[in-house]
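The opening residue of the sequence shown carries number 2 in the working numbering; numbering runs sequentially from there. Everything on this sheet refers to the single structure shown next.
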Amino acid sequence: MRASLTRRACAVALLVTSTLAPAVAVAAQPGGNERQSERAAAHARLLGEKIVPHKLDFRGTTVGGFSGVDRNRCTGEYVFLSDDRSQLQPARFYTAKLDVDEAGVHSVDFTGTHSLLQPDGSTYPAPSVGDGKAIDPEEIRVDPRTCDYWWAQEGDRPKAVGAGPVIQPSIQFAGPTGAHLGRLPLPSNYEITMEERGPRRNQAIEAITFGSHGRVVTSAVEGPLIQDGPVPDLENGALVRVTRQTRDGRVLGQFAYPLEKIFAPSDPTSPWGPDTGVPSLLAFPDNPDRYLVLERTWVAGSGYKIRLYDATTRGATDVQGMESLAGQPVVAMRKKLVADFDTLGLSAVDNTEGMTWGPELPSGERSLILVSDDNFVSDAVTQIVALAIR
Numbered sequence: 002m003r004a005s006l007t008r009r010a011c012a013v014a015l016l017v018t019s020t021l022a023p024a025v026a027v028a029a030q031p032g033g034n035e036r037q038s039e040r041a042a043a044h045a046r047l048l049g050e051k052i053v054p055h056k057l058d059f060r061g062t063t064v065g066g067f068s069g070v071d072r073n074r075c076t077g078e079y080v081f082l083s084d085d086r087s088q089l090q091p092a093r094f095y096t097a098k099l100d101v102d103e104a105g106v107h108s109v110d111f112t113g114t115h116s117l118l119q120p121d122g123s124t125y126p127a128p129s130v131g132d133g134k135a136i137d138p139e140e141i142r143v144d145p146r147t148c149d150y151w152w153a154q155e156g157d158r159p160k161a162v163g164a165g166p167v168i169q170p171s172i173q174f175a176g177p178t179g180a181h182l183g184r185l186p187l188p189s190n191y192e193i194t195m196e197e198r199g200p201r202r203n204q205a206i207e208a209i210t211f212g213s214h215g216r217v218v219t220s221a222v223e224g225p226l227i228q229d230g231p232v233p234d235l236e237n238g239a240l241v242r243v244t245r246q247t248r249d250g251r252v253l254g255q256f257a258y259p260l261e262k263i264f265a266p267s268d269p270t271s272p273w274g275p276d277t278g279v280p281s282l283l284a285f286p287d288n289p290d291r292y293l294v295l296e297r298t299w300v301a302g303s304g305y306k307i308r309l310y311d312a313t314t315r316g317a318t319d320v321q322g323m324e325s326l327a328g329q330p331v332v333a334m335r336k337k338l339v340a341d342f343d344t345l346g347l348s349a350v351d352n353t354e355g356m357t358w359g360p361e362l363p364s365g366e367r368s369l370i371l372v373s374d375d376n377f378v379s380d381a382v383t384q385i386v387a388l389a390i391r
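Here's what the structure looks like:
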């Protein structure tokens, strides 16, 4: 889901008291106060940030729309995925060198760009072509075994029957220059249908991560499936599905992650309702059950709220066999707040959508690199943030 930056007002810094999510979450009322557990949460501090010039031209392409980032261990470079749906230039990714250390983010130097290619070797068309082959790229990960790229796209649920083709979400594999290598079979409840089930429009797969040294692929849908209940509001959060699979697609488990309720009321003069969801998650290298989860919310009149959580599937109910979570008592993933971006001292809190582990620091902390999606509009920024995590 891409929150429109042309409709937003200036962000308002809000301090939110956040505690842990309930060990048992009912789908109608998740996202409330969390109970303390023995597991200590990760802690984050700001190292620095760098703003990429708006609509920077790089090799004849428009830099921006960064919705995913990962670090390539084979090259030491970073890969950034643009969510341009081939409307400015063909759907693509960029490689870059980042100079990041305990003193901050010193430079961002782009080194290459490549189009994502279809199986026949052609680039992806814009949605306006209407042939059902358009994509909505949202996340990219470097395969820890091969250093090929795995990328996720949300597909498209038409606003109404007959309003356009259904385009299914997917997780695909690409070579270092974008050549199509294959795709991962997805669980059946990730399928978009024109019935009252499956992912909502613009709320399908935005988050994927490798775990267990590349043996496990974990993905999350951005918002609750239609059959799992309503989207969050001022009173209630929602449950979103997180799925663990083998590299060949076998589902190892599916779990309910408790998404927070909306943090502020919308400006009543705005035609836009709030946008909220999970745009990225990242496995901890040393724990197959533990993830950093990014929650991104936009509210008209209040701007963005970006929060980072330390979450675990340990002890959570495996919900892969449950058709609907609505009204069903399930043990949701437990989570603890790692950082509220309003408290980090950033120059702006914007549309942060991607994150990856960076290098270890002399302090023993691990760096975390995050990037925001500027949607190619002038009142937003492509912001690269570095945090230290311990």
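Even for Gly, the Cβ is constructed at its ideal location relative to N, Cα and C. As the structure is a computational prediction, the values presented were derived from the model and not from experiment.
Here V331 carries a strand assignment [DSSP, helix/strand/coil].
The DSSP-derived three-state label of H181 is strand. Membership of H115 in the beta strand (DSSP E) is indicated by the continuous run G105 to S116. Each of V279, T313, S271 and A312 was checked against the Cα of G304, and the nearest Cα belongs to S271. Listed in chain order, the non-local C-beta contacts of R184 below 8 Å within the same chain comprise S171, I172, Q173 and F174, local neighbours out to five positions each way being set aside. Collapsing the DSSP output to three states places Y191 in a helix. Per the C-alpha coordinates, the member of D100, R251, E139 and Q204 positioned closest to P233 is Q204. A residue is called buried once 16 or more other Cβ atoms fall within 10 Å of its Cβ, and D110, having fewer, is exposed.
Remark: C-beta atoms of L260 and T244 do not approach each other more closely than 8 Å. In the structure shown, P138 falls within a strand segment according to DSSP collapsed to helix, strand and coil. Taking every protein chain shown into account, the CB of A104 has fewer than 16 other CB atoms within 10 angstroms, so this residue is exposed. The beta carbon of V64 sits closer than 6 Å to those of L57, all from its chain and outside the five residues before and after it, given in chain order. When DSSP states are grouped into helix, strand and coil, F377 belongs to the coil group. Excluding the 5 residues flanking it on each side, F377 has same chain C-beta neighbours closer than 8 Å at K56, T63, G65, G66, D85 and L89, in chain order. About 4 Å separates the beta carbons of G355 and V70, which is inside the 8 Å limit, making them a contact pair.
In the DSSP assignment, W273 falls outside any beta strand (DSSP E), carrying neither H nor E. DSSP, read as helix, strand or coil, puts P259 in strand. Between Q321 and T314, the alpha-carbon positions lie close to 13 Å from each other.
S83 is bridged by DSSP to F67. The C-beta of E296 has 16 or more other C-beta atoms within 10 Å across all chains shown, which makes the residue buried. Nearest neighbour of D375 by Cα position, chosen from L226, N237 and S68, turns out to be S68. Counting C-beta atoms within 10 angstroms of its own C-beta, A164 has fewer than 16 neighbours from the protein chains shown and is therefore classed as exposed.
The Cβ neighbour count for K336, taken over all protein chains shown within 10 Å, is at least 16; the residue is labelled buried. Your pair L48 and A387 checks out as a contact, with CB atoms roughly 4 Å apart and the cut at 8 Å.
Rounded to the nearest whole angstrom, the CA to CA distance from Y258 to L283 is 14 Å. Under DSSP, I227 forms no beta bridge with any residue. Sorting S108, W151 and S87 by C-alpha distance to the C-alpha of A127 places S87 at the top.
Taken through DSSP and simplified to helix, strand or coil, T318 comes out as coil. Per DSSP, reduced to three states, the secondary structure at S123 is coil, with no helix or strand assignment. In the three-state reduction of the DSSP assignment, P128 falls in the helix class. Take A153, set aside five residues on each side of it, and the residues of its chain with a beta-carbon closer than 6 Å to its own are E139, E140, I172, I206 and I209, in chain order.
Membership of T357 in the beta strand (DSSP E) is indicated by the continuous run T353 to E361. Beta-carbon to beta-carbon, P266 and L293 are separated by about 29 Å, too far to satisfy the 8 Å threshold. Beta bridge pairing from DSSP links L283 with L293.
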